[in-house]
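Novice:
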Amino acid sequence: MRTTRHCDARAFWVTGLGGHRAVVESWGYTDAALATHGRYGLGYARQDPPDAALFALNERVFSAPVAEDLDRLRREYGVRWLFADTRAARVSPALAELAPIRLVSGPVIIYELP
């Protein structure tokens, strides 16, 4: 798996196959993405996330986690679990100090928010 700045935002396999909601996953089929089709010379599936601040929070939780960000996800969005796919990006070892690892399966790590 290779990720880029304008990756294909239609990957909904975590929610689609797992049957769980996600704060950030696929936005490629959203009205916002479809409305910006062609911007930057990119199709709807490669548009930036519609909520850049939320996307940045999500990315930060995995790359440079701090307790305040995890608390915000839990408080404002009801997040109880974090799903990390180490093929998509490096996951900071510090995350395990803030949220216990509950499952490791190949490249996937599931963390529980306390």
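Start counting the sequence shown at 0; every next residue gets the next number (numbering that gives the first Met the number 0).
Backbone N, C-alpha and C fix where the C-beta goes; we use that ideal spot for every residue, glycine too.
Since we're looking at a predicted model, the values are computed, not measured.
Taking C-beta to C-beta, are ILE108 and VAL90 nearer than 9 Å?
Specialist: One-based indexing of the sequence shown puts residue 108 at position 109. One-based indexing of the sequence shown puts residue 90 at position 91. The answer is yes: Cβ separation under 9 Å.
Novice: Taking the beta strand (DSSP E) that VAL107 falls in, what are its first and last residues?
Specialist: Reading the sequence shown from its first residue, position 108 is the one you call residue 107. Run containing VAL107: 107-111, per the beta strand (DSSP E) assignment.
Novice: When the Cα of GLY105 is compared with those of ARG45, PRO92 and ARG86, which residue comes out closest?
Specialist: Looking up residue 105 in the sequence shown gives position 106. The shortest Cα separation from GLY105 among ARG45, PRO92 and ARG86 belongs to ARG86.
Novice: In whole angstroms, what is the alpha-carbon distance linking GLY42 and LEU53?
Specialist: For this step, residue 42 is matched to residue 43 along the sequence shown. For this step, residue 53 is matched to residue 54 along the sequence shown. Distance between the alpha carbons of GLY42 and LEU53: 22 Å.
Novice: Smallest Cα separation from LEU102: which of ARG73, ALA93 and LEU81?
Specialist: Here the question's residue 102 lines up with position 103 in the sequence shown. Checking every option, the nearest Cα to that of LEU102 belongs to LEU81.
Novice: Under DSSP, the alpha helix (DSSP H) around LEU72 begins and ends at which residues?
Specialist: Against the sequence shown, residue 72 aligns to sequence position 73. Counting along the chain, the alpha helix (DSSP H) containing LEU72 begins and ends at 66-76.
Novice: Would you kindly report the start and end of the unbroken beta strand (DSSP E) that includes ALA44?
Specialist: In the sequence shown, counting from the first residue as 1, residue 44 sits at position 45. Note, ALA44: premise wrong, no beta strand (DSSP E); not H, not E.
Novice: If THR14 sits next to GLU24, beta carbons under 8 Å apart, how far is it from one beta carbon to the other, in whole angstroms?
Specialist: Counted from its first residue, the sequence shown places residue 14 at position 15. Counted from its first residue, the sequence shown places residue 24 at position 25. Correct: roughly 5 Å between the Cβ atoms.
Novice: Under 9 Å, do LEU97 and ALA66 count as touching if we go by C-beta distance?
Specialist: As a first step, residue 97 is located in the sequence shown; it is residue number 98 there, counting from the start. As a first step, residue 66 is located in the sequence shown; it is residue number 67 there, counting from the start. Yes. Within cutoff.
Novice: What separation, rounded to the nearest whole angstrom, lies between the Cα atoms of ALA51 and GLU75?
Specialist: For the purposes of this step, residue 51 is taken as residue 52 along the sequence shown, with counting starting at 1. For the purposes of this step, residue 75 is taken as residue 76 along the sequence shown, with counting starting at 1. Each residue's Cα considered, the two are about 16 Å apart.
Novice: Closest to PRO64 by CA distance: which of GLY77, PRO92 and GLY40 is it?
Specialist: Translated into the one-based positions of the sequence shown, residue 64 becomes position 65. Comparing Cα positions, the closest option is PRO92.
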